[in-house]
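Below you'll find the structure, written out as structure tokens, and then a few comments.
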Amino acid sequence: LLLGCEPVLTHDVCPPGSFFAHSHVHEADHCVCQGNLVCFGSECTRGGDGNVPIYSDETHGFPATCLNCLCVTETQRRSGKQYDELLLSFLDSPTDVRVVTFKDGVKMRQFKDPLFTEKCSPFYDHTVDTSSIPSPRALENIQWILIPETGDRMGNVLYHYACRGLVKGFGDSVDMSDEGSCNYCNYACGKECNGMEDGAFDFDGLHHVGESVSSPKQCVARLMGQFQNAKTKDAYSHFTSTSDGDVVTTVRHPHKRLLDVFNSGKRIPFMRTTEQDRLHLVSKSLESFVVFHGVAGCQTRMLVGFPCGQYAKRLETLLPDIMVSLKDEFAFVAVEDRWDESVCLFHAMFGGRAHRDEFNSKAIIRENDDVGGENRSQFFQVKELDGKLPADEWKKLNSHHDADDMVLFQKAVFKLNDRLHEYGFETVSLHVEVADIARQ
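Under the numbering used here, the first residue of the sequence shown carries the number 282, and numbering increases by one thereafter.
Put into structure tokens, the structure is as follows:
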């Protein structure tokens, strides 16, 4: 057991050969067995209709709260071995798994994750007892609001969150005969995530397109439900409707974001072409770029369902709705300026093993990304640059530039700190200047 003030080393609550997912059939979070693996233990279950496709009625699993359940091969299940003996065959040491009791009274196992320990232990408040931390829950049917130049790195996090629990090494236990089957998709996704040298993800790996699942890139949606993101036009609306899933996003210091937009070709998604052309013509400095109608306030607009480039008068009137969403509706809000802490918090809240790509300084995206068709070409509408500005140019902007997004950003930092404190991390400090703090 984790006792006293010893820091939590991981939030990976499912054993090797399984992944963390919500079961609508059982109205509980489960560990879902990979491929043809079967459940061993006292609370074995199967999936069913209404679950994510990979957890069908043919798939074995068990509640994440089961303390003696494993996913094993049929041969291992028939071997006559007991739980402890089977468990040790998956681990390097008996100390690689612990049982903890969380704040809500839930008991779960935690399986050692060396990378989580390496990256996240420095941020832990080591005076916090594990019993004061909420138990992790599985994300489902994610809606990802991808705000331009806030960082595609959330794609790495979501992609590996789905795939990382899928491991190789179970021999012929996975049936590869049917490329359209869930077993094949499960295997291919695990191979895709764990076997790639660069760890790259494809944007179309985050949503299931059509009925075919033969492409490993589409397996994430099979594992977690269909994603929505800002690579398709429809994804710019109705983000705050949480009835269809968990909403996640990343926000960033507005002035830094605007500088990167400027240096990346001044592209404003779904700004009218005539306005986009005029923007490129008249914006020779960062300040002239920022004050152009439809440039500032992108983060604010997108978090209430408007396109980034759609100009709106009295943008500050949208802020109250956003504040409610940030507090009560969004499942997770990362802060790009505090990325490592955001990734650590993500796994504390939603479980899963950490992946080194999640902590990279930038997203690793494959060059052959073909999602979105015409919408994608519109999204990536790039003009010839007039010349990139220095990395510290954003410091020349003042508190009146993009004031609405600055208020939003400060609130997001407050929310991040509330969550960090809730899950046993130390809070972060970000100096933020806001023009009119009373508008909160």
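Positions of the beta carbon are idealized from the N, C-alpha and C atoms, including for glycine.
The DSSP assignment places complete beta strand (DSSP E) segments of no fewer than 3 residues inside the segment 353–432 at 378–382, 388–392, 424–426, in order along the chain. Between the segment 684–701 and the segment 375–395, the count of C-beta pairs closer than 8 angstroms stays below three; the two stretches do not touch. Within the same chain, Cβ atoms closer than 6 angstroms to the Cβ of Glu430 are found at Arg538, Asp541, Val542, the five residues on either side in sequence being excluded. Annotation for His536: Trp675, Leu678 place their beta carbon closer than 6 angstroms to its own, counting only its chain and skipping 5 residues before and after. Closest by C-alpha distance to Tyr336, out of Ser623, Cys312, Leu626, Ala345, is Cys312. Boundaries around Ala684 are those of the alpha helix (DSSP H), 684–703, since no beta strand (DSSP E) includes it. In the three-state DSSP reduction, Thr340 falls in the coil class, being neither helix nor strand. Ranked by how close their Cα comes to the Cα of Asn422, the residues His303, Gln391, Ser416 have His303 in first place. Contact fails between the segment 361–381 and the segment 567–583, because fewer than three Cβ pairs, one in each stretch, are under 8 angstroms apart. For the pair of segments examined, the segment 333–353 was found to touch the segment 313–324: the number of CB pairs separated by less than 8 angstroms reaches three.
Across the set Pro296, Lys692, Ala672, Ala612, the C-alpha of Pro296 shows the shortest separation from the C-alpha of Asp365. In the three-state reduction of the DSSP assignment, Asp527 falls in the coil class, being assigned neither a helical nor a strand state.
In the three-state reduction of the DSSP assignment, His303 falls in the strand class. The segment 573–592 makes no contact with the segment 615–634, as fewer than three CB pairs between them are under 8 angstroms.
Gly705 and Ile414 do touch by the CB rule: their CB atoms are close to 5 angstroms apart, below 8 angstroms. In the displayed model, Cys579 falls within a helix according to three-state DSSP. Listed as beta-bridge partners of His292 by DSSP are no residues whatsoever.
Annotated three-state conformation of Ala615 is strand, per DSSP.
If you look at Phe321, you'll find it in the beta strand (DSSP E) that goes 319–321. The alpha-carbon of Ile549 is positioned some 11 angstroms away from that of Tyr592.
Rounded to the nearest angstrom, the Cβ distance from Thr530 to Leu584 is 7 angstroms, consistent with a contact under 8 angstroms. In the DSSP assignment, Val313 falls within the unbroken beta strand (DSSP E) covering 309–314.
When rounded, the separation of the alpha-carbon atoms in Cys347 and Glu324 is 6 angstroms. Taking 8 angstroms as the cut-off, the Cβ atoms of Glu707 and Asp406 count as close.
Comparing C-alpha distances from Ser416 to each of Arg358, Ala612, Gly436, His292 shows the shortest one belongs to His292. The beta-carbon separation of Val294 and Arg390, rounded to 6 angstroms, stays under the 8 angstroms limit for a contact. Taking C-beta separations shorter than 6 angstroms and ignoring five residues to either side along the sequence, the partners of Gly329 in its chain run Val306, Asp338, following chain order. Taking C-beta atoms as the reference points, Pro375 and Leu367 fail to come closer than 8 angstroms. A Cβ-Cβ contact shorter than 8 angstroms links Glu617 with Gly432. DSSP lists no bridge partner for Phe543. For Phe301, the CB contacts under 7 angstroms within the same chain, skipping 5 residues up- and downstream, are Val294, Cys295, Asp310, Cys312, Ala345, Ala419, Gly446, Gly632, Gly633 in chain order.
DSSP places Arg538 in the helix class (H, G or I) of the three-state scheme.
Under the 10 Å beta carbon count, Gln557 is surrounded by 16 or more other beta carbons and is classified as buried. Assigned with DSSP and collapsed to three states, Arg434 falls in helix. It is roughly 17 angstroms from the alpha-carbon of Gly342 to the alpha-carbon of Phe392.
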